[in-house]
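Working notes, structure below.
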Amino acid sequence: MKTVDPRMHTAEHILNQAVDRRLGCGRCFSAHIERRKSKCDYRYPHPLAADDVAALEAEVNRVIALDLPVTWHLEPRSAAESRFDLARLPAETGETVRVVCVGDYDACPCAGPHVTRTGLLEHFRITGTDHHDGVLRLRFKLGFPA
Ligand SMILES: [Zn+2]
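Every letter in the sequence shown is one number past the one before it in the numbering used here, and letter 88, counting from 1, is 88.
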């Protein structure tokens, strides 16, 4: 597995929770995470409205500003299966599942790298969205504009 940027990847967790709360479409089914810019794809029936973009940015930045601890613990697969969709975990995941928590805001099974506190993300921006064949793509960056 190639190295994933911990800040961007932690932003993906927060964004997924924010998207699911606002749009009710679940977490992204595909993500491309890089240090400078990232994108997540969601199954969603229509393009994102401008007020949705603003609301999602505000929600992710609210969670960043709370400086929530990012922690993980292990759960038996049988317990995790009842709470989470485990489809995106690597196939070699065994009978114990690592669950990553962003404070009490989000919990998600994940084997990737994360930062220890949300405040380290500084600032979140959606840089673009598009919609194609029932797939909503969100592009995002971290950090303040130069
Ligand atoms: Zn993760």
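Using N, Cα and C, we set each Cβ at its ideal position, and we do this for glycine too.
Check: Below 8 Å on the Cβ atoms is my guess for Leu142 versus Lys39; work out the distance and round it to an integer in Å.; Outcome: That pair is no contact at about 13 Å.
Check: Given 8 Å as the limit, is there contact between the stretch 40-56 and the stretch 17-26, that is, 3 or more CB pairs closer than that?; Outcome: yes
Check: CA-CA distance, Val70 and Phe124?; Outcome: 17 Å
Check: Within the present structure, is the beta-carbon of Gly112 separated from the nearest heavy atom of ligand 3 by less than 7 Å?; Outcome: In the structure shown, ligand 3 is absent; the only ligands present are ligand 1.
Check: State the beta-bridge partners of Gly94 as determined by DSSP.; Outcome: Per DSSP, none; premise fails for Gly94.
Check: Helix, strand or coil: how does DSSP classify Val100 here?; Outcome: strand
Check: Which residues share a DSSP beta bridge with Leu74?; Outcome: Arg98
Check: Could you tell me the distance, in whole angstroms, from the CA atom of Trp72 to the CA atom of His114?; Outcome: 10 Å
Check: Excluding the 5 residues flanking Gly112 on each side, which residues of the same chain have their C-beta closer than 7 Å to its C-beta?; Outcome: Val4, His9
Check: Might you give, ordered along the chain, the residues of its own chain that have their beta carbon closer than 6 Å to the beta carbon of Val60, omitting 5 neighbours on each side?; Outcome: Ile14, Leu15, Ala18, Phe124
Check: Nearest to Ala107 by alpha carbon, out of Thr127, Phe84, Phe29, Glu95?; Outcome: Phe84
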